[in-house]
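Enquirer: The sequence shown maps to residues -9 to 47 in the numbering used here.
Even for Gly, the Cβ is constructed at its ideal location relative to N, Cα and C.
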Amino acid sequence: YPHTVAVWYGDKDERIAVSAMRWLEQTMGTERCKVEVVKGADHGLMYNTNVVLDVFD
């Protein structure tokens, strides 16, 4: 995959395990995949204003 990937993950997510995010990061390589863990957030990060602003920053 020729592009870099940024993933925002809530540490309270009950649908996707943090191990899945770390697997993605390790498989793609940390230079191509960045996982940002948001403390206290769940699966609904698209409703988190700070995360949305960070995505477009």
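1. Given a threshold of 16 other Cβ atoms within 10 Å of its Cβ, counted over all protein chains shown, does L35 qualify as buried or as exposed?
2. Distance check for R22 and Q16, CA to CA, integer angstroms please.
3. According to DSSP, is E4 part of a helix, a strand, or is it coil?
4. Distance check for A10 and G19, CA to CA, integer angstroms please.
5. Looking at the secondary structure, which residues open and close the beta strand (DSSP E) in which E26 lies?
Expert: In terms of the structure at hand:
1. Buried.
2. Each residue's Cα considered, the two are about 10 Å apart.
3. It is coil, neither helix nor strand.
4. Distance between the alpha carbons of G19 and A10: 14 Å.
5. From DSSP, the beta strand (DSSP E) with E26 extends over C23 to V28.
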